[in-house]
Each structure stands twice: as structure tokens, then as C-alpha cells.
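*Asks:* Below is the structure I would like to discuss, written out as C-alpha cells.
2 protein chains.
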Amino acid sequence: MQGEREVVVCRLEHRPGRDDRMTTHVGLTARALGADRLVLPDNATQAEETVADITERFGGPFDVARTDSTKAFVRDFDGTVVHLTMYGERVQDVEADVRRVHGDESVLVVVGSEKVPFDVYEHADYNVGVTNQPHSEVAGLAVFLDRLFDGRELDREWVDPAAVVVPRDTGKRVVDPEDAPADRVGDVENASGDRGDGHDDHDDH
Amino acid sequence: MQGEREVVVCRLEHRPGRDDRMTTHVGLTARALGADRLVLPDNATQAEETVADITERFGGPFDVARTDSTKAFVRDFDGTVVHLTMYGERVQDVEADVRRVHGDESVLVVVGSEKVPFDVYEHADYNVGVTNQPHSEVAGLAVFLDRLFDGRELDREWVDPAAVVVPRDTGKRVVDPEDAPADRVGDVENASGDRGDGHDDHDDH
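Pasting the structure below:
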């Protein structure tokens with residue numbers, strides 16, 4: 005987040021078609037929960053496009069880029085490398101260490117897919133398990149980021165959004181920050197249009 | 005979790021094929037992060053099977069069931085209903101309330117998909133946004149459960165697992181709790197077999 009050392013999320017591998025939705029969710033979760041930057045494999049074009057599109061609509065700063073070698077990117081990263089894996093050390097045991105390190109240097113969070121080569125385990129400064137149970141790389145990333153930032157990411161502000169969701173106890177309210185001052189905006193039911201409902205379906209276009 | 009009021013996760017809708025992986029990740033996340041029970045739409049047979057299979061392999065208790073009307077299930081639920089939506093109140097503003105209520109009654113966490121009907125917003129005791137940004141229902145569920153349980157879910161114990169992952173700083177170690185006492189098990193590289201690597205691909209079979 006702004007004013008802090010950079011946090012980068014790298015999705016190690018991607019299978020076009022099959023992984024489009026998961027990779028997109030990894031990217032949108034990285035953006036929403038405080039990371040500064042997303043690095044994707046070269047073939048993850050659709051996920052890159054969706055994340056860039058959401059950033060344009062809902063604000064930044066958040067960068068997304070593709071690379072022809074995520075492994076080289078991980079190897080050459082200047083900072084601390086955290087690899088999320090169900091085989092790793094328990095997040096509750098290492099999170100304080102990682103938070104301390106993040107005070108001094110950038111942090112790269114590596115999210116796997118399919119088989120992760122052993123040298124990623126070896127190269128990582130921390131192999132971290134958000135539980136040692138099989139579940140979801142999206143869930144692991146979300147809990148890790150929330151704990152890394154100690155909840156600060158929930159209060160971050162977004163620069164230049166075209167649309168702002170106003171939190172409310174029932175229904176939906178989306179405002180255009182330029183066209184509609186806060187005291188004149190009405191309730192916009194289903195204004196989210198093709199962005200889907202709730203947290204789902206952000207790759208549906 | 006055991007010794008506490010029940011927490012149930014309900015996935016409101018499901019599109020076979022298209023949603024199989026997301027619904028499975030919702031289910032595995034619910035199990036790994038402390039929920040007691042998962043309720044799925046009738047057509048989510050593959051996700052149900054995978055979650056039941058993982059529970060048999062990695063331990064319980066965790067129940068999964070399908071219903072021909074998730075809407076009726078939500079409407080008739082005896083307890084507090086929390087609907088996760090990017091349009092809802094900020095999780096950091098309502099989580100203390102929900103935790104307090106959970107001391108006295110069961111909690112149902114509703115995870116949407118596609119369009120959520122307005123009566124779900126109206127019926128819910130809390131509409132809660134894990135950020136008011138578009139990201140992933142899996143990420144929202146994960147952060148919500150971690151905050152609801154205040155991290156206690158990471159220390160829960162599993163009953164009758166066939167396989168146990170031993171947290172470690174590099175590589176993978178999976179042990180069979182029946183066949184191999186802790187002091188004699190070796191390092192089992194890639195012992196996870198078809199369960200995939202890390203937190204991914206648990207619906208690959």
C-alpha cells in the first residue's frame with residue numbers, strides 16, 4: 005500500500021481457459037486486499053485484462069504485468085519471498101516475523117498452481133501455510149494479506165475511481181464520484197451491471 | 005467449530021461446469037477455516053463429492069449436503085444470517101457484533117453467485133462487505149471466517165484424518181497417522197499425489 009514497502013503478488017503458473025477464473029480471482033484479491041502489484045505468467049492475458057479493467061473502474065494504484073518467466077521474477081526479486089503452500093509453516097507462527105521484515109523491505113507473495121518446482125520452496129524465505137489443509141489459493145492469499153497488513157488494507161483509499169460502492173445494510177448503492185455528489189446520489193439497484201453481483205463473476209466479460 | 009455454536013456456509017447458486025471449481029473452493033475454504041457445515045444447491049454434485057472426499061482424507065467433523073432450495077434454507081435458518089456482498093456494511097464495522105451474536109446462536113454465512121435476489125439482502129441480519137471492491141467470494145469468505153473466529157480456526161484439530169501434513173520450512177511432509185508414528189516418518193516428496201500441489205486443484209479428479 006502507499007506509504008509502505010511494496011507488496012507484490014506473483015501467480016506462478018497459469019493454464020489458459022481452465023485457470024482464467026482462479027487467476028483473475030487471485031489478481032482481484034491481491035488488488036482489493038492491499039498488494040501494490042500483480043505479476044502473471046505470459047499466457048494469462050484474460051486475467052490481466054480483467055484486473056486492469058477493474059482497476060480502471062474502481063481505482064488504483066495497482067499494477068498488473070505479465071512476464072515470460074515467473075520463476076526468474078521470483079529468483080531475482082529484491083526483497084523477502086513468501087511462498088504460500090499447505091505444506092509450509094503455520095501462518096500464525098511466522099506472520100509476526102514477516103510483518104517485521106516488511107517494515108524494512110518489499111515482500112513478494114508467491115501463489116502456486118499445479119505442481120510447484122522444488123526450487124521455489126528452497127528459494128523462498130518463508131513457505132507459509134494458511135492451515136495445512138487443502139483449500140484454495142485465493143483463500144490463502146486473502147488471509148495472508150489481511151494478517152500481513154493487520155487489517156489496515158480495509159481502510160485504504162482508492163485513487164481516481166469511476167465508480168464507488170457505498171457500504172449499506174441492505175441493497176446496493178454505487179455512485180459516480182464525479183457526476184454525483186454524496187448528498188444527491190440515489191440508490192442504484194443493480195447498477196453494477198455486467199460486473200456481477202457481490203464478489204463473484206468478475207471475469208464474466 | 006466443536007464446542008461453539010454452529011457456523012454454516014451456504015452457496016446460493018451454482019452453474020454446473022462453469023462454477024465447479026469456485027464452488028469447490030468455497031466448500032474447502034469453509035471446511036479449512038472453521039465452519040461446521042456446507043449447504044450447496046442440488047446441482048453442485050461434483051463440488052459436494054470433492055469436499056466429502058477431502059474430509060474423508062484429511063479429517064472432520066465437517067458436513068456437506070445439497071438442497072433443492074438454498075433460498076428456503078436461508079429463509080428457514082434458525083440463527084443469524086450473514087450475507088457476504090461487496091455492497092454490504094464494512095466487515096471491520098460489524099464483525100464485533102457478529103462475534104457477540106455467535107456466542108449465543110448459530111451463524112449462517114451466505115455466499116452469492118451471479119445475481120442475488122433482493123429478498124436475500126432483506127432477509128439477512130447482516131449484509132457484509134470484505135472491502136467494497138470487486139474481488140472473489142472465496143477471499144471474502146476466508147477473511148470473514150478468520151475474523152469471526154478471531155484466528156482460533158487455525159488451531160482446530162481434525163478427527164480421524166487418513167493423512168496429516170506436517171508444517172515445515174521447506175518441502176513437503178505428509179504422514180499417515182495410523183501407519184507411521186511421528187518419530188519414524190520420513191519426508192514424503194510429492195506424496196500428495198493427485199491432490200495437487202499447495203492450495204490448488206482440489207477439484208482435479
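Respectively, the protein sequence lines represent chains A and B.
Count along the first sequence from 1, add 4, and you get the number used in my numbering.
Count along the second sequence from 1, add 4, and you get the number used in my numbering.
The C-beta atom is built at its ideal place from N, Cα and C for all residues, glycine as well.
Just so you know, these numbers come straight off a predicted model, no measurement behind them.
Would you verify that the beta carbon of Arg19/A is, or is not, closer than 8 Å to some beta carbon of chain B?
*Replies:* No, its Cβ sits nowhere closer than 8 Å to a Cβ of chain B.
*Asks:* With 8 Å set as the bound, which would you pick, yes or no: does the beta-carbon of Val13/B sit closer than that to a beta-carbon of chain A?
*Replies:* With 8 Å as the cut-off, Val13/B does not count as an interface residue toward chain A.
*Asks:* List the residues of chain A that Pro65/B touches, going by C-beta distances under 9 Å, in chain order.
*Replies:* Result: empty, since nearest Cβ-Cβ is about 14 Å, beyond 9 Å.
*Asks:* Return the chain-ordered list of same chain residues with a C-beta closer than 6 Å to the C-beta of Asp131/A, the five sequence neighbours on each side being excluded.
*Replies:* Per the sequence shown, residue 131/A should be read as Asn rather than Asp. If we look at Asn131/A and ignore the five residues flanking it on each side, its Cβ neighbours are His87, Thr89, Gly92 and Tyr125.
*Asks:* Residues in the same chain with beta-carbon distance under 6 Å from Ala186/A, minus the five sequence neighbours each way, listed in chain order, please.
*Replies:* Note on Ala186/A: pLDDT 48, under 50, position unreliable in the model; the coordinate value appears next. So no residue of the chain qualifies.
*Asks:* Run through chain A and tell me which residues come within less than 7 Å of Val169/B, C-beta to C-beta.
*Replies:* In chain order: Met90, Tyr91 and Asn136.
*Asks:* Against chain A, does Asn131/B count as a neighbour if the rule is that its beta carbon must be under 8 Å from one of theirs?
*Replies:* With 8 Å as the cut-off, Asn131/B counts as an interface residue toward chain A.
*Asks:* Considering only their Cβ atoms, is the gap separating Val142/B from Val30/B smaller than 8 Å?
*Replies:* Closer than 8 Å, so yes.
*Asks:* Taking Cβ to Cβ, would you say Arg35/B is nearer than 8 Å to Phe66/B?
*Replies:* Cβ distance < 8 Å, so Arg35/B and Phe66/B count as in contact.
*Asks:* How about Thr74/A and Leu112/A: are their beta carbons less than 8 Å apart?
*Replies:* The answer is no: Cβ separation not under 8 Å.
*Asks:* Count the C-beta pairs between the segment 133 to 153 of chain A and the segment 156 to 172 of chain B that are closer than 8 Å, then say yes if the count reaches three, no if not.
*Replies:* Taking 8 Å as the limit for Cβ pairs, the verdict is that the segment 156 to 172 of chain B does touch the segment 133 to 153 of chain A.
*Asks:* Give the list of continuous alpha helix (DSSP H) stretches no shorter than 4 residues that lie fully inside the segment 133 to 177 of chain B.
*Replies:* If we require 4 residues or more, the alpha helix (DSSP H) runs fully inside the segment 133 to 177 of chain B come out as 141 to 152.
*Asks:* By alpha-carbon positions, which one of Phe81/B, Thr33/B and Arg61/B ends up nearest to Val178/B?
*Replies:* Comparing Cα positions, the closest option is Arg61/B.
*Asks:* Can you pull the chain B residues whose beta carbon is under 8 Å from the beta carbon of Leu37/A, in chain order?
*Replies:* Chain B residues near Leu37/A: Thr135, His139, Ala143 and Val147.
*Asks:* Have a look at Phe39/B and Ala166/B and give me their C-alpha separation to the nearest angstrom.
*Replies:* A small fix is needed here, since residue 39/B is Ala in this sequence, not Phe. Near 20 Å, if we compare the C-alpha coordinates of Ala166/B and Ala39/B.
*Asks:* Since Gln96/B meets chain A, which of its residues come closer than 8 Å, beta carbon to beta carbon?
*Replies:* Residues of chain A passing the Cβ test: Gly155, Leu158 and Asp159.
*Asks:* Under a three-way DSSP split, which group does Val102/B fall into?
*Replies:* Helix at Val102/B.
*Asks:* Establish whether the CB of Asp40/B and some CB of chain A are separated by less than 8 Å.
*Replies:* No, because no Cβ of chain A sits closer than 8 Å to the Cβ of Asp40/B.
*Asks:* How about Glu99/B and Gly83/B: are their beta carbons less than 8 Å apart?
*Replies:* No, Cβ-Cβ distance for Glu99/B and Gly83/B is not below 8 Å.
*Asks:* In the DSSP assignment, the alpha helix (DSSP H) including Leu34/B goes from what residue to what residue?
*Replies:* Reading the sequence as shown, one finds Ala at residue 34/B and not Leu. Its alpha helix (DSSP H) spans residues Asp24 to Ala36.
*Asks:* Among the candidates Pro171/A, Phe122/A, Leu152/A and Asp180/A, whose CA atom is the shortest distance from the CA of Arg9/A?
*Replies:* It is Leu152/A whose Cα lies nearest to the Cα of Arg9/A.
*Asks:* Classify Asp3/B as helix, strand or coil using the three-state DSSP reduction.
*Replies:* Residue 3/B is absent from the model: chain B starts at 5 and stops at 209.
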